[in-house]
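In this text, residue positions in the sequence shown follow the UniProt record's numbering: the first is 1, and each later residue adds one. Using N, Cα and C, we set each Cβ at its ideal position, and we do this for glycine too. Some notes on the structure that comes next.
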Amino acid sequence: MNLRNRRLRLVLVVAAVLLLGGGSLGYVLHARERQAPAGQVQADASFTLATPGLYFREGDSGRVARRVAGQASAQTGGPSCDRFHAAGQHALCLRKLPGVPARTHAVVLDRNLREVRRVTVAGIPNRARVSASGNVLAWTTFATGDSYATSAFSTRTAVLDLRTGFLVKSIEGIPLTIDGVRHHSPDVNFWGVTFARDDNRFYATVSTKGRTHLVEGDLRKWSAKALRTNVECPSLSPDNTRIAFKKKVRDDPSKPWQLYVLDLATLREHALAETRSVDDQAAWLDDATLGYALPGQDGRRSDLWTTPADGTGAPRLSVPGASSPVAVR
């Protein structure tokens, strides 16, 4: 083969690789969010969790920022993440890795936002939660698909206990009881874990046989039981008495959900003032306020909204171009 043909062949190979890489990005990234920039997760040295405030992911930079009460502008310099959550002594940063098949780094950070552990898992970053103490963490990735609005998806949810170092890469094998009967099915999917203050009890969504269930789990006993149907992405209130969740109220796949709050003592629920379809695991910013992301007007990124948890009032735009809200105290 002469030099000219070799060069031509090399150009064609490079072009094919770039084309395939571009196509893969369309699959693995949400259209409204830019992927966290390649490179280190590490935050700026001056950016830590020592300052109380509202922390969130900036849609343009992909880095974590914070807004402190009384200050008009946000402070930047946090780690680069696709999903972020923090509580107690630790934070969790999910980052999509380049290439196919899709893979995610689940990175555990300390209060100074320095890396203390990293786990590589399959799939696209989706949900991240840290228990109030910071001792137990959970994350969900999309193994197949990138939306809960269709049936063509599969999730993987992991739980990491930092006290023991024990990691369960997929909790699908946990003994599950539905309607008082041990449930066995190959289509079980868990997602959206939220932890109680005791670092043992947790809540999550289970999808099986075409229905979604709110389940209550016990880490020590390694068991879970369904409490009720049509509950997705639960989020336990700081006082541990209520769960915010998204409920399917429409058959329209483009806007199926509405935010609700469930009283755990009575199992009574009420709708929130936010009537738009929210595909997010809402975050309790305090015992009276919920934060969540909605698509922005530009269609490329999300905006952060808040609404009262008691169903009164009206939604309020909190931070344009933001997602993954968490109140750090």
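Under 7 Å between C-beta atoms of residue i and residue j
i: aspartate 287; j: proline 238; result: yes
i: leucine 259; j: threonine 241; result: no
i: alanine 138; j: histidine 85; result: no
i: serine 73; j: valine 41; result: no
i: alanine 87; j: glycine 134; result: yes
i: alanine 158; j: alanine 143; result: no
i: cysteine 233; j: glycine 192; result: yes
i: asparagine 230; j: lysine 247; result: yes
i: serine 318; j: alanine 282; result: no
i: serine 254; j: arginine 57; result: no
i: cysteine 93; j: valine 107; result: yes
i: alanine 327; j: leucine 285; result: yes
i: leucine 49; j: arginine 95; result: no
i: leucine 160; j: leucine 167; result: yes
i: valine 136; j: aspartate 199; result: yes
Among the options, nearest to residue i - alpha-carbon criterion
i: tyrosine 148; options: Arg111, Leu317, Ala327 and Val278; result: Val278
i: aspartate 60; options: Thr76, Ala45 and Ala314; result: Thr76
i: arginine 329; options: Ala271, Thr157 and Ala132; result: Ala132
i: residue 399; options: Leu162, Arg211 and Ser223; result: Given that the chain is displayed from residue 1 to residue 329, the structure contains no residue 399 and the question cannot be resolved.
i: serine 207; options: Leu227, Leu267 and Ala244; result: Leu227
i: glycine 217; options: Lys248, Glu232 and Thr194; result: Thr194
i: phenylalanine 202; options: Val130, Val249 and Arg250; result: Val130
i: glycine 299; options: Thr307, Gly321 and Ala65; result: Gly321
i: proline 308; options: Leu49, Leu290 and Ser323; result: Leu290
i: asparagine 90; options: Tyr292, Ala273, Ile171 and Leu113; result: Before going on, a small fix: residue 90 reads as histidine here, not asparagine. Among Tyr292, Ala273, Ile171 and Leu113, the Cα nearest to that of histidine 90 is on Leu113.
i: valine 64; options: Val136, Ala43 and Arg156; result: Ala43
i: aspartate 280; options: Glu274, Pro101, Ala293 and Leu272; result: Ala293
i: histidine 270; options: Ala69, Thr312, Pro256 and Arg156; result: Thr312
i: histidine 213; options: Ile178, Arg83 and Asp199; result: Ile178
i: glycine 62; options: Gly78, Thr275, Trp305 and Gln71; result: Gly78
i: serine 170; options: Thr120, Arg211 and Ser302; result: Thr120
Per-residue DSSP class, three states only, for residue i
i: glycine 99; result: coil
i: glutamate 274; result: coil
i: glycine 291; result: strand
i: isoleucine 171; result: helix
i: lysine 225; result: strand
i: arginine 316; result: strand
i: glutamine 258; result: strand
i: serine 46; result: coil
i: proline 238; result: coil
i: glutamine 75; result: strand
i: proline 52; result: coil
i: residue 330; result: No information on residue 330 is available, as it lies outside the stretch 1 to 329 that the chain covers here.
i: valine 231; result: coil
i: arginine 111; result: coil
i: valine 116; result: strand
Through-space distance from residue j to residue i, alpha-carbon basis
i: proline 186; j: glycine 180; result: 19 Å
i: serine 154; j: asparagine 189; result: 7 Å
i: alanine 314; j: histidine 184; result: 42 Å
i: arginine 316; j: glutamine 297; result: 15 Å
i: arginine 67; j: tyrosine 55; result: 6 Å
i: arginine 32; j: leucine 162; result: With a pLDDT of 37 at arginine 32, under the threshold of 50, the predicted position of this residue should be treated as unreliable, and no value is reported.
i: threonine 141; j: proline 125; result: 5 Å
i: arginine 220; j: arginine 103; result: 29 Å
i: alanine 196; j: arginine 118; result: 24 Å
i: leucine 109; j: threonine 205; result: 26 Å
i: leucine 262; j: arginine 268; result: 6 Å
i: proline 295; j: valine 249; result: 19 Å
i: aspartate 252; j: aspartate 82; result: 27 Å
i: proline 98; j: arginine 156; result: 19 Å
i: serine 46; j: glutamine 71; result: 17 Å
i: lysine 209; j: threonine 51; result: 45 Å
i: glutamate 274; j: arginine 301; result: 19 Å
i: threonine 164; j: threonine 266; result: 35 Å
i: valine 28; j: leucine 272; result: In this predicted model, valine 28 has a pLDDT of only 30, less than 50, meaning its place in the structure is not dependable; the value taken from the coordinates is given anyway. Each residue's alpha carbon lies about 31 Å from the other.
i: tryptophan 305; j: valine 215; result: 27 Å
i: residue 366; j: alanine 69; result: Given that the chain is displayed from residue 1 to residue 329, the structure contains no residue 366 and the question cannot be resolved.
Range covered by the beta strand (DSSP E) that runs through residue i
i: isoleucine 243; result: 242-248
i: aspartate 218; result: 211-218
i: tyrosine 148; result: Taken as a continuous stretch (DSSP letters only), tyrosine 148 belongs to no beta strand (DSSP E), as it is neither H nor E.
i: histidine 85; result: 83-87
i: histidine 183; result: 181-183
i: proline 125; result: 124-130
i: leucine 264; result: Per DSSP, leucine 264 belongs to no beta strand (DSSP E) and is neither H nor E.
i: serine 154; result: 154-161
i: leucine 285; result: 283-286
i: threonine 164; result: First-last for threonine 164: undefined, no H or E at that position.
i: asparagine 189; result: 189-195
i: arginine 66; result: 64-67
i: proline 186; result: Segment: none, proline 186 is in no beta strand (DSSP E) and carries neither H nor E.
i: arginine 201; result: 201-208
i: aspartate 303; result: 302-308
i: residue 332; result: With the chain covering 1 to 329 only, the question about residue 332 has no answer from this structure.
Neighbour flag for residue i against chain C, beta carbons, 7 Å
i: lysine 96; result: Any reference to chain C falls outside this structure, which holds one protein chain only.
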